[in-house]
Amino acid sequence: MLSTIRNRMILIGLLILASIIYLIPRNVTVRQRDAQGGLHDVQHRQVPIKYGLDLQGGMHLSLGLDTTVKKVSDPANAIDLALIVLRKRIDDFGVAEPLIQKLGNDQIVVELPGLTEPDRAIGIVQSQAFLEFRLTDKTGALDAALPQMDRALTRLGIKGTGPAPKASGVAALLGSDTSKKGTLKSDSGKKTHADSVASDTTTAQAILSSLIHPASDIGVQALPGEYAVLETAYNRVDTLLNIPDVKRLWPRGVEFKWSQDPISVGTQSYRMLYALSDKAIVDGSHLTHAAAQIDPLTQKRVVTFTLDRSGGRIFGAETGRHVGDYMAIVLNNKVQGPPPVIESQINQNGQIELGNRSLADAQDLALTLSAGALPVPLKVLDERQVGASLGADSIHDGMVAGLVGTLMVIIIMVGYYRWSGVLAVAALGLYVLFTLAGLAAVQATLTLPGLAGLVLSVGIAVDANVLIFERIREELIAGRSVRVAVDEGFKHAMNAIVDSNVSTVVTALFLFQFGTGPVKGFAVTLIMGIAASMVTAVFVTKTFFLLWLQRRPTATTLSI
Amino acid sequence: MVRIFADAAYDFIGFRRRAIFATIILFCVGVIAMIVRTPAINYSVEFTGGTLVQVTILQGNPSQADLRTGLERASLVDPEITPFGPKQYVIRARTAVGNDPDNTHVTAKAISTGLDNVVGAGHYRVDDTEAVGPKVGKELRTKAFLAIFLSFFAVLAYLAYRFEWRFGLAAVVATFHDIVLTICFIAVMRIEVSLVVVAAVLSMVGYSLNDTIVIFDRVRENLRKNRRDHLIEVMNRSINETLPRSVLTHTTALATLCALAIFGGPVIRPFALVMFFGVFTGTFSSVFIAAPVLLIIEGRWPGVDGRGVKVGGKTTSTRGRTQPV
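Just so you know, the sequences run in chain order F and W. 35 is the number that our numbering gives to position 35 of the first sequence; each next residue is one higher, with no gaps. When you read off a place in the second sequence, starting at 1, and then add 560, the result is the number in our numbering.
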């Protein structure tokens, strides 16, 4: 019997040791971004039980594929690709211990603890980063097509909103443009066509041409293919341009894109419309690296980029051929800033000017560019932000409740069962230790429901001991000797303990299998608690009893 | 030694009709509460989809009416403002655009615009923002129910293996009873069903099952020991014998729940409240639902116990020795 007790004690000692090892605070390396925007690896010590977002504050996003924008043939594959892109982006973004995981086959969960800029996070996560470089149209193709578009709209019975423009004004406008085009390209055939169209405009309402102004009209230095539209008319023009009958009249080889941001001129706000070549010189798939910088000459934010070798070759050849032309930088279908002029051949390295936007914007752009584009746009299904103070309050309250609850359980157990109650309380202490260590071992995340469950479990964990003690009492009352009563008590209580615990574990396993996030976490806490309770209430308490009996082999009474 | 209910001999089974009647009344109260009030169950944003913002006012002392006006001016429809603590409010709202998942973020923005109007920017702190598309909430709900439902079958199978299918079925019926009554309780008390409350219901399922199994275990044992006794007697004796254990376990559970309710903070309080009810209904159902159901099953399909002897039989008499059929 002595050896049995020794083996039991060794086993308990090993369990305690393992638990302490699991619970020792350890150094965790975390990537963080400092105020200047640099990334640093920061080390800090922490107990290896993760707090859920509801306890430590931060941001939770669940994302799904936005199939309204792009049809997906293989959603599972698209999610996997998106996951890789997101991991890279968020890693570069510098959030301490982010969680990025797949939920089912069509969702991604992103948890960003301690994050204070939710808008920026959503921007990073959703950003498409579909980058293209396109030449602006210098043929004045939109000017030529506008009258036809107006006629098409008139035919469709669409009325203009503004005052009817003076025919002479339109003619003059078109005249000046066509002459400029003539000098540029000396394309006489097109010129006559445009002229004939211009003469027709008097009969049609100038619906679109009254809304789309050459950039020079609003006092901005005019670039080829650049037009200004009042911010208030932006949606209307976009709609009109995309009416199928009008879209058919888009000049061949030209596409229209809007500027990313509106510009202010005087009291008015304008959105720029660009006529661009429908073919990109290169796109973001050739991009290997991007970084945010401040241009030393202009003090403006720029993103410098590097292309891969084949991208660099194409880019060099095309830009070399188009020196003096303007090149629009198109990101997610929006033109970034005024298109710069190509001053000389650009090879593998270039830069994107961001004007007056903040350094944070430049950094975000750089990292979305270098992390690559999402295969399919993502939409936010669920968004949750918890303030850090709320989380801290919850932990504090939960701890206080836990301590008070434990204290009451101790009083009840010791008051009712005396010395045996003390043994049970000692076992309960080990229960808490083992449960926490178990949670640390499987790297479970402690959430608020989990915390509440943990506190409650202290009250329920003594149940096994209560069952055993009541059985021992019954045996004692029936006149058994102390030793026999203890043995019989443990033996008889076992059935009830095993059956009730196994049933609960079975339930928990189903919760784990079919439940979603928080329910899953709850199931893990439950299973850990039951395992720890089985070990402590049955094995540990029995060892204590054996020790006690061994020291007093002739005991006739038991403090129970 | 201190002993409670040491030699109790209450006729629990004799009370079963009155107990079932009480259950039916409670159930009716719950159903009426659900019919009278809309929505029947007060689901939190996590389940319904929508936007919820929890704020602490740092400066100034706006009234709820002030807040409401400010929010409505920010084009929010019917904002729901609940005081949460001193100068703390929970605001639930949707924009005129509706509960479109793509608009949840917009709604959160509109709420802060509204607060800027009333309290002033920087004079309040946003503690918690939740914006959930309806799809996520629906999935959460169906999966939690599916998990409980499927686990019932597994428990049934386990108990059928360890005891007998009759015991398993009775235990599952009792647990089902607890879930239904707890839902009624949630409806009557207007408790907002959040994830914390779901956790409480799940804990309650485990707790109630435990309680039933402990009693059934004793029934099984006593059936083996006293093969000649009528099932009603065996059950009464088993319940009485496990009474000290029940009282003590429920006391410790209730002690921790009290601590949670008093000190756990406003977020945990609903958990404690639901689980508090769960302890009572769990105990009630173990005695007054599980045992009588077992009795009914035995009456209809008289079983054979472990040693090949028929147990149970006619259940018309609740007293006296009825010889097994």
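Quick reminder that beta carbons are idealized off the backbone N, C-alpha and C, glycines included.
Inspect the beta-carbon positions of residue i and residue j and report whether they are closer than 7 angstroms.
{"i": "residue 289(F)", "j": "residue 306(F)", "result": "yes"}
{"i": "residue 577(W)", "j": "residue 618(W)", "result": "no"}
{"i": "residue 636(W)", "j": "residue 625(W)", "result": "no"}
{"i": "residue 106(F)", "j": "residue 75(F)", "result": "yes"}
{"i": "residue 222(F)", "j": "residue 292(F)", "result": "no"}
{"i": "residue 445(F)", "j": "residue 328(F)", "result": "no"}
{"i": "residue 59(F)", "j": "residue 385(F)", "result": "yes"}
{"i": "residue 540(F)", "j": "residue 424(F)", "result": "no"}
{"i": "residue 274(F)", "j": "residue 318(F)", "result": "no"}
{"i": "residue 559(F)", "j": "residue 418(F)", "result": "yes"}
{"i": "residue 265(F)", "j": "residue 218(F)", "result": "yes"}
{"i": "residue 614(W)", "j": "residue 650(W)", "result": "yes"}
{"i": "residue 534(W)", "j": "residue 499(F)", "result": "The structure shown does not extend to residue 534(W), since chain W is modelled only from 561 through 885, so no value can be given for it."}
{"i": "residue 634(W)", "j": "residue 673(W)", "result": "yes"}
{"i": "residue 260(F)", "j": "residue 334(F)", "result": "yes"}
Can you tell me which of the three DSSP states residue i falls into?
{"i": "residue 14(F)", "result": "helix"}
{"i": "residue 477(F)", "result": "helix"}
{"i": "residue 247(F)", "result": "helix"}
{"i": "residue 564(F)", "result": "What the structure shows of chain F is the stretch from 1 to 560, and residue 564(F) is not part of that stretch, so it cannot be assessed."}
{"i": "residue 167(F)", "result": "Because the pLDDT at residue 167(F) is just 41, under 50, the model does not fix this residue reliably, and the value given afterwards should be weighed accordingly. Reduced to three states, the DSSP call for residue 167(F) is helix."}
{"i": "residue 233(F)", "result": "helix"}
{"i": "residue 348(F)", "result": "coil"}
{"i": "residue 482(F)", "result": "helix"}
{"i": "residue 773(W)", "result": "helix"}
{"i": "residue 689(W)", "result": "strand"}
{"i": "residue 101(F)", "result": "strand"}
{"i": "residue 226(F)", "result": "strand"}
{"i": "residue 509(W)", "result": "The structure shown does not extend to residue 509(W), since chain W spans only 561 to 885, so no value can be given for it."}
{"i": "residue 329(F)", "result": "strand"}
{"i": "residue 640(W)", "result": "strand"}
{"i": "residue 432(F)", "result": "helix"}
{"i": "residue 115(F)", "result": "coil"}
{"i": "residue 565(F)", "result": "The structure shown has nothing for residue 565(F), since chain F only spans 1 to 560."}
{"i": "residue 410(F)", "result": "helix"}
{"i": "residue 645(W)", "result": "strand"}
{"i": "residue 322(F)", "result": "coil"}
{"i": "residue 751(W)", "result": "coil"}
{"i": "residue 27(F)", "result": "strand"}
Using 8 angstroms for Cβ pairs, my map puts residue i next to residue j. What's the rounded Cβ distance?
{"i": "residue 605(W)", "j": "residue 692(W)", "result": "5 angstroms"}
{"i": "residue 109(F)", "j": "residue 103(F)", "result": "5 angstroms"}
{"i": "residue 459(F)", "j": "residue 816(W)", "result": "3 angstroms"}
{"i": "residue 776(W)", "j": "residue 723(W)", "result": "6 angstroms"}
{"i": "residue 467(F)", "j": "residue 805(W)", "result": "6 angstroms"}
{"i": "residue 359(F)", "j": "residue 301(F)", "result": "6 angstroms"}
Between residue i and chain A, is there a C-beta pair that is closer than 7 angstroms?
{"i": "residue 495(F)", "result": "Absence of chain A from the displayed structure is noted, the protein chains being F and W."}
Interface positions of the segment 387 to 403 of chain F facing chain W (Cβ-Cβ less than 7 angstroms), listed along the chain: Within the segment 387 to 403 of chain F, the residues whose Cβ lies closer than 7 angstroms to some Cβ of chain W are 387, 389, 390, 393, 394, 397, 398, 400 and 401, listed in chain order.
Under 7 angstroms (Cβ pairs) to chain F, residues found in the segment 831 to 847 of chain W: Listed by position, the residues of the segment 831 to 847 of chain W near chain F (Cβ gap below 7 angstroms) are 831 and 835.
Residues in the segment 690 to 718 of chain W having any Cβ partner in chain F nearer than 7 angstroms: Within the segment 690 to 718 of chain W, the residues whose Cβ lies closer than 7 angstroms to some Cβ of chain F are 690, 691, 692, 693, 695, 696, 699, 700, 703, 704, 706, 707, 710, 711, 714, 715 and 718, listed in chain order.
Under 7 angstroms (Cβ pairs) to chain W, residues found in the segment 225 to 247 of chain F: Correct list: empty, as no residue qualifies.
Near-chain W residues of the segment 441 to 454 of chain F - C-beta to any C-beta below 9 angstroms: Within the segment 441 to 454 of chain F, the qualifying residues are 447, 448, 449, 450, 451, 452 and 453.
Touching by the beta-carbon criterion (3+ pairs, under 8 angstroms), the segment 492 to 512 of chain F and the segment 79 to 92 of chain F: By the Cβ test, the segment 492 to 512 of chain F is not in contact with the segment 79 to 92 of chain F, since fewer than three Cβ pairs between them sit closer than 8 angstroms.
The segment 95 to 109 of chain F contacting the segment 139 to 157 of chain F, beta-carbon criterion three pairs below 8 angstroms: Segments in contact, no.
Interfacial residues, the segment 309 to 342 of chain F to chain W, with Cβ spacing under 8 angstroms: Cβ contacts with chain W come from no residue of the segment 309 to 342 of chain F.
The segment 500 to 515 of chain F: positions lying closer than 9 angstroms to chain W by Cβ: Taking 9 angstroms as the Cβ-Cβ cut-off against chain W, the residues of the segment 500 to 515 of chain F that qualify are 500, 501, 502, 503, 504, 506, 507, 508, 509, 510, 511, 512, 513, 514 and 515.
Under 7 angstroms (Cβ pairs) to chain W, residues found in the segment 66 to 91 of chain F: For the segment 66 to 91 of chain F, the beta-carbon criterion of a distance under 7 angstroms to any beta-carbon of chain W is satisfied by none of its residues.
Cβ contact check for the segment 10 to 29 of chain F and the segment 428 to 436 of chain F: 3 or more pairs under 8 angstroms: Yes, the segment 10 to 29 of chain F touches the segment 428 to 436 of chain F.
Residues, ordered as in the chain, of the segment 49 to 65 of chain F that lie near chain W by beta-carbon distance below 7 angstroms: If the cut-off is 7 angstroms between Cβ atoms, the segment 49 to 65 of chain F has 62 near chain W.
Contacting positions in the segment 415 to 432 of chain F - beta carbon closer than 7 angstroms to chain W: Those would be 416, in chain order.
Chain-ordered residues of the segment 374 to 388 of chain F with a beta carbon less than 7 angstroms from chain W: If the cut-off is 7 angstroms between Cβ atoms, the segment 374 to 388 of chain F has 379, 380, 381, 382, 383, 384, 385, 386 and 387 near chain W.
Contacting positions in the segment 665 to 687 of chain W - beta carbon closer than 8 angstroms to chain F: For the segment 665 to 687 of chain W, which is checked against every Cβ of chain F, the residues closer than 8 angstroms are 665, 668, 685, 686 and 687.
Touching by the beta-carbon criterion (3+ pairs, under 8 angstroms), the segment 448 to 462 of chain F and the segment 399 to 416 of chain F: Judged by pairs of C-beta atoms under 8 angstroms, the segment 448 to 462 of chain F touches the segment 399 to 416 of chain F, as three or more such pairs exist.
The segment 468 to 476 of chain F / the segment 49 to 56 of chain F touching (three or more Cβ pairs under 8 angstroms): Taking a contact to require three or more Cβ pairs closer than 8 angstroms, the segment 468 to 476 of chain F and the segment 49 to 56 of chain F do not qualify as touching.
Contact between the segment 833 to 852 of chain W and the segment 751 to 767 of chain W (3+ Cβ pairs under 8 angstroms): Segments in contact, yes.
Chain-ordered residues of the segment 804 to 828 of chain W with a beta carbon less than 7 angstroms from chain F: With the criterion set as a beta carbon lying under 7 angstroms from some beta carbon of chain F, the members of the segment 804 to 828 of chain W are 804, 805, 808, 809, 811, 812, 813, 815, 816, 817, 819, 820, 823, 824, 825, 827 and 828, in sequence order.
Interface residues of the segment 750 to 770 of chain W facing chain F [CB-CB below 8 angstroms]: Listed in sequence order: 755, 756, 758, 759, 760, 762, 763, 765, 766, 767, 769 and 770.
Any 3 or more C-beta pairs closer than 8 angstroms across the segment 504 to 515 of chain F and the segment 709 to 724 of chain W: Three or more Cβ pairs drawn from the segment 504 to 515 of chain F and the segment 709 to 724 of chain W lie within less than 8 angstroms of each other, which places the two stretches in contact.
Contact list for the segment 773 to 784 of chain W against chain F, Cβ threshold 7 angstroms: Listed by position along the chain: 773, 774 and 777.
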